[in-house]
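Heads up: the sequence shown runs through residues 9 to 362, numbered per the working numbering.
Virtual Cβ for every residue (Gly too), placed ideally from N, Cα, C.
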Amino acid sequence: MDIRNLISIEDVSVQWWDELYALCCEIIADPAAFAESCRGKVMASLFFEPSTRTNFSFQTAMMRLGGSVFGFSDPSATSSAKGETLADTIRMVSSYADVIVMRNPREGAAMAASLYSEVPLINAGDGGHMHPTQTLADLTTISRKFGSIGNLNVGLCGDLKYGRTVHSLVLALSKFPNISFHLIAPRDLAMPEYMLAYMRAHGQKYIEITNLESAIPNLDVLYMTRIQRERFIDPLEYERLKGVYVLTRRKLERAKEHMLVMHPLPRVDEIATDVDADPRAVYFEQARFGMFIRMALLYTLLRQPRIPPAWVEPGGERVCKNPSCVTKFEPYLPPLTKKTDAGEQCAYCDMAVD
Ligand code: NCD
């Protein structure tokens, strides 16, 4: 397997996924065989914003491989609170650790951090942008339940604007055959234009709808998401939209018998607790699969050598207009762009650059 960092799920091939998933299945079948496989290796866990599942599942994944962990989950207790740049934090941490797992509220922060790291860097969520390891947990769940990934009607429901898990999931599923997306969201929380442009550029089938109940009978997977309160600029807007979708046992009556109800968790009120007992509800299993696939990921990336990063020429004229882009907060970052089928985009946060 040939990838060094996991920044965006877009960077990984189906072949890479197949190999990672095969390793994950080996670990699930015999975890004890891997209990010493990363002995002596150290993982840095840098959580600049709250997390329970992702943070704990990475930590336990590393412990179950025999490695050790250091880090923080409250940035107010670190030097970034004194004004340290992200680049300096990463340079310093990467000299102590063998792998870095980072969650950060700025979009594109993982890509930015990878420019300064000597060791592999894993994006554990960068603002409302991407969350590739949640996607690995999602792909593992679908594969374990259906045997393969393909020929699926996938409903993504809730906050498709700020929900980074659904962004990564769309990029990943777009690599598999015959996936149709049902994008179920209020107009104000619709999938961002850069994601729709990606789907069009890749010939992906999608429909945008606002009604959950009418979509349910068509679906093989229903992926529910939380309305991302912390990303709203206007709190009144959140109050208006919260509670917009609630999946109940009654609404599931018209669902296919094999449909999977998935959720990255934490849930607020978008899945009623009476759904938990339904065999189609797989969200807690999904969290456990997440730990195993993270074991496979750490095992794989920890085999990468330490490589001092190339010098990055600082600064340059700002080009990205996204107010949440990491380049707005870390002004020394070079204003990198990339050309894609959907046009020119910020290389950090993917927003279109005109
Ligand atoms: C998600 C996240 O952090 O984006 N949670 C997770 O990692 N399992 C979803 C969310 O917070 O709503």
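Worksheet item: Between leucine 123 and leucine 305, is the Cβ-Cβ spacing less than 8 Å?
Response: No, these two residues do not count as a Cβ contact at 8 Å.
Fill in: One or two residues paired with phenylalanine 42 in a DSSP bridge
Looking at the DSSP assignment, phenylalanine 42 forms no beta bridge with any residue, so it has no partner.
Worksheet item: Taking just the CA atoms, how far does glycine 48 sit from aspartate 228?
Response: 43 Å
Worksheet entry | CA-to-CA distance, aspartate 134 to proline 83, given in whole angstroms | 15 Å
Practice prompt. Quick one: give me the first and last residue of the alpha helix (DSSP H) that arginine 72 is part of.
Written response: First-last of the alpha helix (DSSP H) with arginine 72: 61 to 72.
Worksheet entry | Distance, alanine 180 Cα to cysteine 23 Cα | A small fix is needed here, since residue 23 is glutamine in this sequence, not cysteine. Computed Cα separation, rounded: 12 Å.
Worksheet entry | Per-residue burial, alanine 43 [other beta carbons within 10 Å of its own, 16 or more giving buried] | When all chains shown are included, alanine 43 counts as exposed.
Discussion item. Quick check on histidine 190: does DSSP put it in helix, strand or coil?
Written reply: strand
Worksheet entry | Closest by C-alpha distance to threonine 348, when choosing among Ala223, His210, Arg302 | His210
Discussion item. Within the continuous beta strand (DSSP E) that includes lysine 346, where are the two ends?
Written reply: In the DSSP annotation of this structure, the continuous segment of the beta strand (DSSP E) that includes lysine 346 starts and ends at 345 to 348.
Worksheet entry | Beta-carbon proximity check, alanine 205 vs leucine 168, cutoff 8 Å | Taking 8 Å as the Cβ cut-off, alanine 205 and leucine 168 do not qualify as a contacting pair.
Practice prompt. Taking 8 Å as the cut-off, decide whether the C-beta atoms of histidine 271 and alanine 223 are in contact.
Written response: no
Worksheet item: Helix, strand or coil for asparagine 161 per DSSP?
Response: strand
Item to complete: To the nearest angstrom, report how far apart serine 59 and valine 327 are at their CA atoms.
Response: 31 Å
Worksheet item: Got a sec, what are the start and stop residues for the beta strand (DSSP E) tyrosine 214 sits in?
Response: 213 to 217
Worksheet item: So, are the CB atoms of isoleucine 301 and threonine 148 less than 8 Å apart?
Response: With contacts defined as CB atoms closer than 8 Å, isoleucine 301 and threonine 148 qualify as a contacting pair.
Worksheet item: Can you give the Cα-Cα distance for glycine 74 and proline 39, rounded to whole angstroms?
Response: Rounded to whole angstroms, the separation of the alpha carbons of proline 39 and glycine 74 is 11 Å.
Worksheet entry | tryptophan 319, buried or exposed, once every other Cβ within 10 Å from all chains shown has been counted against 16 | exposed
Discussion item. Taking 6 Å as the limit between beta carbons, can you name the residues of its chain near alanine 193, skipping five residues before and five after?
Written reply: Leu168
Practice prompt. Please report the Cβ distance between glutamate 278 and methionine 232, rounded to the nearest whole angstrom; I am assuming they are in contact, meaning their Cβ atoms lie under 8 Å.
Written response: Their Cβ separation, rounded to whole angstroms, is 5 Å, which keeps glutamate 278 and methionine 232 in contact under 8 Å.
Worksheet entry | Selected residue, minimal CA-CA separation from serine 332, among Arg99, Glu238, Glu34 | Glu238
Worksheet item: Would you report the Cα separation of valine 1 and valine 290, rounded to the nearest angstrom?
Response: The chain is shown only over 9 to 362; residue 1 falls outside these bounds and no answer can be derived.
Worksheet entry | For methionine 110, the residue or residues it bridges with in DSSP | Leu54, Asn131
Worksheet item: DSSP puts leucine 230 in a beta bridge; with which residues?
Response: Gly163, Val269
Discussion item. For a quick check, are the C-beta atoms of valine 127 and isoleucine 108 less than 8 Å apart?
Written reply: yes
Discussion item. Just to check my reading of the structure: leucine 164 and isoleucine 187 have Cβ atoms closer than 8 Å, yes? What is that Cβ distance to the nearest angstrom?
Written reply: Incorrect: roughly 11 Å between the Cβ atoms, too far for contact.
Discussion item. What would DSSP say about valine 283, mapped onto helix, strand or coil?
Written reply: helix
Discussion item. Am I right that glycine 298 and serine 65 are in contact with their C-beta atoms under 8 Å? What's the rounded C-beta distance?
Written reply: 5 Å
Practice prompt. Tell me whether the beta-carbon of valine 50 lies closer than 8 Å to the beta-carbon of aspartate 96.
Written response: no
Discussion item. Here's the rule I'm using: 16 or more other beta-carbon atoms within 10 Å means buried, otherwise exposed. How should glutamate 115 be labelled?
Written reply: buried
Discussion item. For the alpha helix (DSSP H) containing glutamate 34, name the first residue and the last one.
Written reply: 22 to 37
Worksheet item: Who are the Cβ neighbours of glutamate 325 in its own chain at under 7 Å, not counting the five residues just before and after it?
Response: Here the set comprises Pro343.
Item to complete: Output the distance between the C-alpha atoms of leucine 230 and cysteine 357, rounded to the nearest integer angstrom.
Response: 27 Å
Worksheet item: For the alpha helix (DSSP H) that contains glutamate 352, what are its first and last residues?
Response: From DSSP, glutamate 352 is part of no alpha helix (DSSP H) but of the beta strand (DSSP E) over 351 to 354.
Worksheet item: For valine 334, does the three-state DSSP call read helix, strand or coil?
Response: helix
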